[in-house]
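Visitor: Let me give you the structure first, and then I'll get to my questions.
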Amino acid sequence: MKKAFVKTENYARFAAGVAAVERRGAAEAGMMLVHGQPGHGKSTIVYRWAEENGAVFLRANVDWTPRYFLVELAKELRLDSKGTSQQLFGRVLEHVVERQVPIIIDEAEYTLKDKAATLEKIRDISDRAMCTVILIGMGKILDGIATFPQIYSRIAHIVEFSKASLSDVTLTCEKLCEEKVGPDLATEIHKLSKGRMREILNIIANIERLAKDNSFTGEELTRKHFAGIPLSYDWQGKGGKGA
Amino acid sequence: MSVTMDVLRYIAGHNAVFFRDIVKESELGVSAVEVALRCLKRRGFVKWVEGLYGLTEKGLEYIKQGREIKCGPERGEAASSRGNTLRQRAWKVMHMRRVFTLADLLVVLCDEASKKDEENLGNYLKALYKAGLLKKAARTGHYILSEGDGPLAPAYNRQAKTVTDRNTGQVYHV
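Residue numbers (the numbering used here), protein chains in the order written: chain A, 1 to 243; chain B, 1 to 174.
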């Protein structure tokens, strides 16, 4: 499989969301929430954006407290992480204000415990530095944040990472598959994968292997080439699925 | 200290030396010593007579005055260590991911990874692994970032066989 970054519809929505937050009218509403089920490409897209924009990337832990968060943030900013919480906050804030560094918090659902104490600290930084903060979470993070109106009101934009569309699948096949994939096979990949990017990549890898084993390489591949051959394995009990 | 100065000081300490002795005693690698000697000869600090290298009057003067010569390979430096190179960008992603493969890095960084990109990063990861900055998961072969905390990507000098942590100055021989 070729190695390339595929700019899917999720990526376009993410980039548009960040642009909207950065153009915001209210300076203190500098937060963006990104959520979605696993396997839709959240991590890859966020890493790409973070690298391109020099963002600070933190991964929340289950035992995060406001101070723990400040220490981690100070370390990422290459600042002294010792001192009282007040000193630490001041040091971090000064740096963030000056550099306007965007901050990304992955697994942000862990910041909701203890009445969102850590998320409140993150909100403090976002408000005072007027910097962009991107929260990334799964499951019920949106519902969780909605119970804290003072935080929810700071969220300028919400992006939900959803299943890959047929155009996403077609684009992914074009960019990553070593073989040419016909439209009917792309449709079948979309159906088998249920739009999950991880599964799409697995199926593409299977197609490449089967094409090589059966000497189909160099032709445009269609459903007929794989009739009766499982391209995807649904471990949740339904057995192999073929084209 | 640069490779060139190391070679010059070695020759100064031994009067007349064979090429193979410089390579063996300095542990700098054949290519690095070749490049250094070419530079020193071109600039008139070193001469070659009947297979032996020795200092010229100019070379002796420089050594006596403790002057630095800037030419040839710098220890630990590589052209790729400056600017927003693929390796520098990869270092940033390594810090975010912590556990990764070469493919994981290429998929984030490249709109279309070429063979050259793959070789470049692949060699770089192998060098960081040999230097102990990366570990490997025994079962899957994934790389794990273990050492090295600063924002600057380590510099890999293939000729001198060194990896330099540009944040601390520490040099690892690989």
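Ideal placement from N, C-alpha and C gives every residue a C-beta, glycine not left out.
Taking the C-alpha atoms as reference points, what is the distance between Gly41/A and His173/B?
Guide: Straight-line Cα distance between these residues: approximately 38 Å.
Visitor: Can you tell me where the beta strand (DSSP E) holding Asn157/B begins and where it ends?
Guide: Asn157/B -> beta strand (DSSP E) spans 155-157.
Visitor: For the region 2-14 of chain A, enumerate the residues whose C-beta is nearer than 8 Å to any C-beta of chain B, in chain order.
Guide: Per Cβ criterion, the list reads Lys2, Lys3, Ala4, Phe5.
Visitor: In chain order, what residues of the same chain lie with their CB nearer than 7 Å to the CB of Phe89/A, ignoring the 5 residues before and after it?
Guide: Leu70, listed in sequence order.
Visitor: Could you name the residues that DSSP lists as bridge partners for His35/A?
Guide: The partner list for His35/A (beta bridge, DSSP) reads Gly137/A, Glu160/A.
Visitor: Shorter than 9 Å from the beta carbon of Lys191/A to some beta carbon of chain B?
Guide: It does not: the Cβ of Lys191/A has no partner Cβ on chain B nearer than 9 Å.
Visitor: Just tell me which of Ala19/A, Phe216/A, Leu231/A, Ala50/A has its CA closest to the CA of Lys180/A.
Guide: Residue Phe216/A is the option with its Cα nearest to Lys180/A.
Visitor: Within 10 angstroms of its Cβ, does Gly17/A collect 16 or more other Cβ (buried), or is it exposed?
Guide: Buried, because 16 or more other Cβ atoms sit within 10 Å of the Cβ of Gly17/A.
Visitor: If you scan the region 94-145 of chain B from start to end, which runs of the alpha helix (DSSP H) of 4 or more residues do you find wholly inside it?
Guide: Listed in chain order, the complete alpha helix (DSSP H) runs (minimum 4 residues) inside the region 94-145 of chain B are 102-109, 115-130.
Visitor: Quick one: which chain A residues come within Cβ less than 7 Å of Leu106/B?
Guide: Ordered by position in chain A, the residues that pass the 7 Å Cβ test against Leu106/B are Lys3.
Visitor: Taking the straight line between their C-alpha atoms, what separation do you get for Glu109/A and Ser114/B?
Guide: Near 38 Å, if we compare the C-alpha coordinates of Ser114/B and Glu109/A.
Visitor: Considering Cα atoms alone, identify which of Pro149/A, Ala19/A, Pro38/A is closest to Ile250/A.
Guide: Missing from the structure shown is residue 250/A; chain A here goes from 1 to 243 and no further.
Visitor: Assign Lys64/B to buried or exposed, taking buried as 16 or more other Cβ atoms, counted over all protein chains shown, within 10 Å of its Cβ.
Guide: The residue is exposed, with fewer than 16 neighbouring Cβ atoms inside 10 Å.
Visitor: Taking 9 Å as the CB-CB limit, is Glu72/A close to chain B?
Guide: No, no contact with chain B.
Visitor: Judging by CA-CA distance, which residue of Leu133/B, Glu118/B, Asn157/B, Arg158/B is the nearest neighbour of Ser146/B?
Guide: Of the candidates Leu133/B, Glu118/B, Asn157/B, Arg158/B, the one whose C-alpha sits nearest the C-alpha of Ser146/B is Leu133/B.
Visitor: Do Arg97/B and Tyr47/A come within 9 Å of each other at the CB atom, strictly closer than that value?
Guide: It is a contact, given that the beta carbons lie within the stated cut-off.
Visitor: Can you check DSSP and say which residues form a bridge with Arg59/A?
Guide: Its beta-bridge partners are Asp106/A.
Visitor: Can you grab the Cα-Cα spacing for the pair Ile229/A / Ile144/B, in whole Å?
Guide: Cα to Cα, Ile229/A sits roughly 37 Å from Ile144/B.
Visitor: Would you verify that the beta carbon of Ala103/B is, or is not, closer than 9 Å to some beta carbon of chain A?
Guide: Output row for Ala103/B: interface = yes.
Visitor: Beta carbon of Leu102/B, beta carbon of Val93/B: below 9 Å?
Guide: Against a cut-off of 9 Å, the Cβ pair of Val93/B and Leu102/B comes out as no contact.
Visitor: Decide if Phe18/B is buried, meaning its Cβ has at least 16 other Cβ atoms within 10 Å, or exposed.
Guide: The residue in question, Phe18/B, is exposed, as its Cβ has fewer than 16 Cβ neighbours within 10 Å.
Visitor: Could you tell me which chain A residues have their CB closer than 8 Å to the CB of Ala113/B, listed as they occur along the chain?
Guide: Those are Lys2, Lys3, Ala4, listed as they occur along chain A.
Visitor: Please list, in chain order, all residues of the same chain as Leu142/A whose beta carbon is under 6 Å from its beta carbon, the five residues on each side excluded.
Guide: Hits under 6 Å: His35.
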